[in-house]
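So the protein sequences, as listed, match chains A and B. Note that our numbering numbers the first sequence so that position 180 is 171, with each residue one more than the last. Note that our numbering numbers the second sequence so that position 271 is 262, with each residue one more than the last. Idealized CB from N, CA, C, for every residue including glycine.
Number of protein chains: 2
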Amino acid sequence: MPAAPDPGLAPVPPVVPPRRAPGTLRVALLGYGVVGSEVARALVEHADDLAARAGARLELVGVAVRDASRPREGVGTVVPADLLTEDAQGLVDRADLVVEVMGGIEPPRSLIRRAIASGASVVTANKALLAAHGPELFEAADAAGVDLSFEAAVAGAIPIVRPVRESLAGDHVRRVLGIVNGTTNYVLDQMATYGVELEDAVKEAQGLGYAEADPTADVEGFDAAAKAAILASLAFHTRVSIDQVAREGITGVTSADVTAAAQTGYVIKLLAIAEQTAEGVSARVHPALVPAEHPLAAVRGAFNAVFVEADGAGPLMFYGQGAGGRPTASAVLGDLVSAARDRLAGGKGAYESAYASLPVLPADAAVTRYQVRLVVADRPGVLAQVAGVLADHGVSIDTVRQAVDEVPAPFTPGDGSAGSAHLLLTTHAAREASLASTVEALRGIEPVHQITSVLRVEGV
Amino acid sequence: MPAAPDPGLAPVPPVVPPRRAPGTLRVALLGYGVVGSEVARALVEHADDLAARAGARLELVGVAVRDASRPREGVGTVVPADLLTEDAQGLVDRADLVVEVMGGIEPPRSLIRRAIASGASVVTANKALLAAHGPELFEAADAAGVDLSFEAAVAGAIPIVRPVRESLAGDHVRRVLGIVNGTTNYVLDQMATYGVELEDAVKEAQGLGYAEADPTADVEGFDAAAKAAILASLAFHTRVSIDQVAREGITGVTSADVTAAAQTGYVIKLLAIAEQTAEGVSARVHPALVPAEHPLAAVRGAFNAVFVEADGAGPLMFYGQGAGGRPTASAVLGDLVSAARDRLAGGKGAYESAYASLPVLPADAAVTRYQVRLVVADRPGVLAQVAGVLADHGVSIDTVRQAVDEVPAPFTPGDGSAGSAHLLLTTHAAREASLASTVEALRGIEPVHQITSVLRVEGV
Chain A
-8 MPAAPDPGLA PVPPVVPPRR APGTLRVALL GYGVVGSEVA RALVEHADDL AARAGARLEL
52 VGVAVRDASR PREGVGTVVP ADLLTEDAQG LVDRADLVVE VMGGIEPPRS LIRRAIASGA
112 SVVTANKALL AAHGPELFEA ADAAGVDLSF EAAVAGAIPI VRPVRESLAG DHVRRVLGIV
172 NGTTNYVLDQ MATYGVELED AVKEAQGLGY AEADPTADVE GFDAAAKAAI LASLAFHTRV
232 SIDQVAREGI TGVTSADVTA AAQTGYVIKL LAIAEQTAEG VSARVHPALV PAEHPLAAVR
292 GAFNAVFVEA DGAGPLMFYG QGAGGRPTAS AVLGDLVSAA RDRLAGGKGA YESAYASLPV
352 LPADAAVTRY QVRLVVADRP GVLAQVAGVL ADHGVSIDTV RQAVDEVPAP FTPGDGSAGS
412 AHLLLTTHAA REASLASTVE ALRGIEPVHQ ITSVLRVEGV
Chain B
-8 MPAAPDPGLA PVPPVVPPRR APGTLRVALL GYGVVGSEVA RALVEHADDL AARAGARLEL
52 VGVAVRDASR PREGVGTVVP ADLLTEDAQG LVDRADLVVE VMGGIEPPRS LIRRAIASGA
112 SVVTANKALL AAHGPELFEA ADAAGVDLSF EAAVAGAIPI VRPVRESLAG DHVRRVLGIV
172 NGTTNYVLDQ MATYGVELED AVKEAQGLGY AEADPTADVE GFDAAAKAAI LASLAFHTRV
232 SIDQVAREGI TGVTSADVTA AAQTGYVIKL LAIAEQTAEG VSARVHPALV PAEHPLAAVR
292 GAFNAVFVEA DGAGPLMFYG QGAGGRPTAS AVLGDLVSAA RDRLAGGKGA YESAYASLPV
352 LPADAAVTRY QVRLVVADRP GVLAQVAGVL ADHGVSIDTV RQAVDEVPAP FTPGDGSAGS
412 AHLLLTTHAA REASLASTVE ALRGIEPVHQ ITSVLRVEGV
C-alpha cells in the first residue's frame, strides 16, 4: 500500500452551496397535551435552529384538539390561537409532516392512515397503537414511500429505536432488557429505599404526577408490554405484537420481597425483555431480580434504561428520562427533523425490517431462573424432599439458603408457623414451564407451609 | 376532533414488493487489523442478513494491506487469499462503499478523498483523521452526495454519533461528558480499586492488550481529544478541530489523589468535555473528580460512556465497549448498512451540520471548579490568609476541609513539614484562568508548603 499521497489523485470537486432549497414544510400537530404543547413551543421558539437542521422551515400549520375553545397554556401566547382546530382530518390533508401525540387507538390510527395515504410523513409517540397495529401502518408507509417514525414511543427521550434499528443493523442482537416504565421504576425504587409498601408508593407517584389516577396501564405492565413488542420487532427483524408478550405487573411485589432481594444482592425491577434463542424469539414483561452490580440496578427513580446484548457490540446501555413533556418532545422533534430531511432528499428513512420472520415463542418456552422464598417445616430431611421435587422436574438448584431471621415473612407467629424455617432457593436456568410446574409441585408437599414469593432472576 | 374513523377515508395503497432492486454493492476494505479482520469476517459469514438489511448484497471485493504476502488469521479460510491487495488505490477505484480502518493520517486521507471523488461512500473509524481534517473530507462528501460515516470513531460500539446528530437534532445540547478512552479508564479504575500507582496499572493494561507499547496517545489524552473535537462539532453544529481542544492526560494522577478523591466522595475519570456557554463552545480533556453518585462514576474497567445534557431530553447516558475488534466492527457495519441503503435510495444520509459556527473558546475561558489539596503551616490565621488569596482572585470557596490524618501526602516527615496541616479546598465554579492564577498565587505565599494536587470537579 503506498505510504504517500498519490500525486495523480483526482481533484476533489469544488464546494457547492448547500443542496437544500430554501422552503417550508407544513407540520400538523395532532394533540396538545404534555407532549404536544412542548412540540408546538419548540416549533415556534426554535424555528431558526430547526430550519437550519432540517433544511427547510417547519411551519406549524395547525393543532388538532377535541375542544378548541378550551383555554390552554401557551395558546394565544406561544402558539397563535387560530392554529387550533377540531378538524383533525382537514388539518392532516394540508400537511407535509404529521405529528401524532394524541394517544389511544382511534382516531390516531385512521388519521395516520389518512396522512400516509395523502403522502405525508408521520411521527408518532403512540406505543399502544404501534404494538397493536404496527404492521398495517408500516406497510402503508413503506408502500407510500413516507416515513413513519416513533423514537418517542419507547423510553421517551432516550434514543433507542434508531440505535437498535440503524446503529446495530450490522450486528446480531441477542437480548434486550429494558426498564421502560418510569412509574413502576419509581414505585419499586421507593419501596427499596424507604421500605414502604407498593400501595403507598403508588399513591406518592400519583401525587407527583408520575402515575395516572388509574395506574393499571403502568403497574400491570401493559405500557411496558407495548414497548417490549416494539423492541423485539426491531431487534429481531420479526413482527411481534403486544398479544404475543407475556405480561406480569408489579402488584404482587411486597416490601418483604424488596428487602429479601436487597439482602441477597439483588434489586427488583420491572423488565421488558426481548430475547432470541435457537428456537425463535420471545418478549415478556415481569418483575425480576437484577444483580446489584448490573448497570440496570443503578437506574433510580423514574428514569428508564435499555440494556442491549449484541454479538459484536457486546453489552450496551442507553439511559435517560422515559417520560415527560419535554423529554418526549425532544424525541419527536429529532424524528421530525429526520423526516423533513428525508422528504427534501426525495426519499424516506428506515423501512420496516421484518425479513427474519422468526417464530414468536409462547411465554412458557422462555428460559429463565427462579428465586423462590418458601416457609417449610424445620426438621431433618425437608431440604432433601424439596430438592427431590426440583430434580423430578428437571430443574437444578443453584443455591439454597436458610434465612430464619434475615428475611421478614408476611405473617406473624401463632398462625402455625412455629417450628418452621425460611428457605431461599435459586435455580439454574430452566424453561419457564418446568419452573412453573415445579413451584406448583412444591405447593403440594406437606413440609412446605407457604410459598412466600417467586421471582425470576435476570441479567446474570 | 372526530372520535370514530372516517368512513370516507382514502384507501391505503396496496402493498407493493420491497422497492430494493436485488443487486450487489462492492465493498473495499482498507486495513486488516483487529477491526478490519472482524469486518471482513462479518461480511462473509453474515452475508445473507446484511443483504436483507442493506437491500443489496455487500460483496467484499478486496482488502488493502501493506504486505499481502504476510500470513494473517482468517485469510485463506474466512476471507479468500486472493482478495488481499497492496494496491489500495486500484481497490478504491472499483468500489461502491469503502471502509477505512487503517488508522493514521496518510494514506487514509488521500484514499478517502479518492473514494469520494470517484462517487463511493466511505465508512471510517479514524478519529485522528476526522479531528484534524474532518471539514475538508465532509465538504468533499457533501459536494459529491456520498456518505462519510464515522460511528466507530467515537466510543467504539456505542451508538453516539448517530444519536447526537440525528436523535437530538430537535434538541439543544448543553454539555457532553465522555469517558471515551478505555485504556485510561482501566488504569484509573485499577488505581481506585487496588491502590496501585499509575505506572503499574499502565503496565498491567499493556499486558492485557488494553494499552499500546507506547501508551502516549492514551495516557496523554490525545485519543480522547480527537473524540472531544468530534463530539463538540456534532453537538454544537460548529467545527471544532483537535487543535482547539485543551488537553491534559492522566500522568500527573497519583494513587494518593485517587484515595483522597474516594475519601471525599469522588472518583477520578479522564473526561472529554464539550460545553456550550453564552460566549461560545469549548472542548477539553482532563482528569476530573466526578461525584460517586454520578452515572459516569459507575463506569468501570475499560468501558466507555458518554453523558449528554440537553435542554429537552435532560440527562442521557450511552454506555458500552469503546474499543476492540468486534465492538468497533459492529459500529462500522451499522454505518455500512446505512450507507448501502442511502446509496440504493439514490440519496445520502446526514450532511455535515456546522451552520451555528459558534466561537470556539480558548481553554482558559472554561468555567469549572477546582479541588486543591495543599500542605500549609499549622498555625492560627493561615486559613484566613489562604481564603484571602482566593477572594483577591474573585474565586469563592465551596468547602474547606482540614485532613491531617486521612489524606496521605506524597512526602515523609523530616522534610520540613513538621507543624503542617493538610487542607482540602473546593471552589465554586469560576473561570479556568482565575482558578489557575489563584493556584499560582497560593504557591507564592509563605504558609503554603506544598500544593499536593489540583483537580477539576465535573458532573455536579
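{"Item": "Alpha carbon of Gly125(A) to alpha carbon of Glu449(B), nearest angstrom", "Value": "43 Å"}
{"Item": "Other residues of its chain near Gly407(B): CB distance less than 6 Å, five sequence neighbours each side excluded", "Value": "Low per-residue confidence applies at Gly407(B): pLDDT is 46, beneath 50, and the placement is therefore not dependable enough to give any value."}
{"Item": "Local conformation of Glu195(B) per DSSP, three classes", "Value": "helix"}
{"Item": "Sequence-distant residues of the same chain with beta carbon closer than 8 Å to Gly53(A), five excluded per side", "Value": "Ala19, Leu20, Leu74, Leu75, Thr76, Leu82, Arg85, Ala86"}
{"Item": "Alpha-carbon spacing of Tyr342(A) relative to Gln254(A), whole angstroms", "Value": "47 Å"}
{"Item": "CB contact check: Ser232(B) to chain A, cutoff 8 Å", "Value": "no"}
{"Item": "Proximity to Tyr257(A) [Cα-Cα], best of Pro278(A), Leu121(A), Glu239(A)", "Value": "Pro278(A)"}
{"Item": "Arg447(A) to Gly46(A) span [Cα, whole Å]", "Value": "49 Å"}
{"Item": "C-beta atoms of Val391(B) and Leu433(B) nearer than 8 Å", "Value": "no"}
{"Item": "Burial state of Pro286(B) (16 or more Cβ within 10 Å)", "Value": "buried"}
{"Item": "Proximal residues of chain B, C-beta to C-beta of Arg44(A) below 9 Å", "Value": "Ala160, Gly161, His228, Ser344, Tyr346"}
{"Item": "Cβ contact check for the region 313 to 330 of chain B and the region 232 to 242 of chain B: 3 or more pairs under 8 Å", "Value": "no"}
{"Item": "Outcome for Pro71(B) when other beta-carbon atoms lying within 10 angstroms are tallied against a minimum of 16", "Value": "exposed"}
{"Item": "Cut-off 7 Å between Cβ atoms - residues of its own chain near Pro150(A), not counting five sequence neighbours on either side", "Value": "Glu142, Phe309"}
{"Item": "Validate contact between the region 194 to 202 of chain B and the region 153 to 170 of chain B using beta carbons, cut 8 Å, 3 pairs", "Value": "no"}
{"Item": "Cross-chain neighbours of Arg166(A) in chain B, by beta carbon under 8 Å", "Value": "What Arg166(A) touches in chain B: nothing, since even the nearest Cβ is about 14 Å away."}
{"Item": "Counterpart residues of Gln254(A) in DSSP-defined beta bridges", "Value": "Gln254(A) is not bridged to any residue."}
{"Item": "Beta carbon proximity, Val448(B) to chain A, threshold 8 Å", "Value": "no"}
{"Item": "Neighbourhood of Pro206(A) by C-beta, 8 Å cutoff - its chain only, sequence neighbours within 5 removed", "Value": "Thr174, Val193, Ala196, Gln197"}
{"Item": "Proximity winner among Ala116(A), Arg364(A), Ala331(A), Met93(A), relative to Gly24(A) (alpha-carbon distances)", "Value": "Met93(A)"}
{"Item": "Minimum Cβ-Cβ distance from Gly379(B) to chain A less than 8 Å", "Value": "no"}
{"Item": "Interface partners of Leu327(B) on chain A, CB under 7 Å", "Value": "Gly161"}
{"Item": "Extent of the continuous alpha helix (DSSP H) run through Tyr185(A)", "Value": "173 to 185"}
{"Item": "Reference Ala283(B); option with closest CA among Gly338(B), Ile259(B), Ala354(B), Gly340(B)", "Value": "Ile259(B)"}
{"Item": "Residue from Val386(A), Arg364(A), Val297(A), Ser273(A) whose Cα sits closest to the Cα of His440(A)", "Value": "Arg364(A)"}
{"Item": "Thr429(B) (DSSP reduced to helix, strand or coil)", "Value": "helix"}
{"Item": "Run of the beta strand (DSSP E) containing Glu491(A), from where it starts to where it stops", "Value": "In this structure chain A extends from -8 to 451, so residue 491(A) is not present and cannot be described."}
{"Item": "Contact list for the region 305 to 320 of chain A against chain B, Cβ threshold 7 Å", "Value": "Gly305, Pro306, Leu307, Met308, Phe309, Tyr310, Gly311, Gln312, Arg317, Pro318, Ala320"}
{"Item": "Asp180(B) classed as buried or exposed, judged by whether at least 16 other C-beta atoms fall within 10 angstroms", "Value": "buried"}
{"Item": "Neighbour-count burial assignment, Asp58(A), 16 or more Cβ in a 10 Å radius", "Value": "exposed"}
{"Item": "Cβ of Glu142(B) within 8 Å of any chain A Cβ", "Value": "yes"}
{"Item": "DSSP three-state assignment for Asp(-3)(B), whether helix, strand or coil", "Value": "With a pLDDT of only 39 at Asp(-3)(B), under the threshold of 50, the placement of this residue in the model should not be trusted; the figure read from the coordinates follows. Looking at Asp(-3)(B) - three-state DSSP - the assignment turns out to be coil, as it is neither helix nor strand."}
{"Item": "Cα-Cα separation, Leu41(A) to Ile96(A)", "Value": "30 Å"}
{"Item": "C-beta neighbour in chain A for Gly338(B), strict 8 Å", "Value": "yes"}
{"Item": "Status (buried if at least 16 other CB within 10 Å, exposed otherwise) for Glu494(B)", "Value": "In the structure as shown, chain B begins at -8 and stops at 451. Residue 494(B) is therefore absent and cannot be evaluated."}
{"Item": "Alpha carbon of Ala263(B) to alpha carbon of Ser444(A), nearest angstrom", "Value": "46 Å"}
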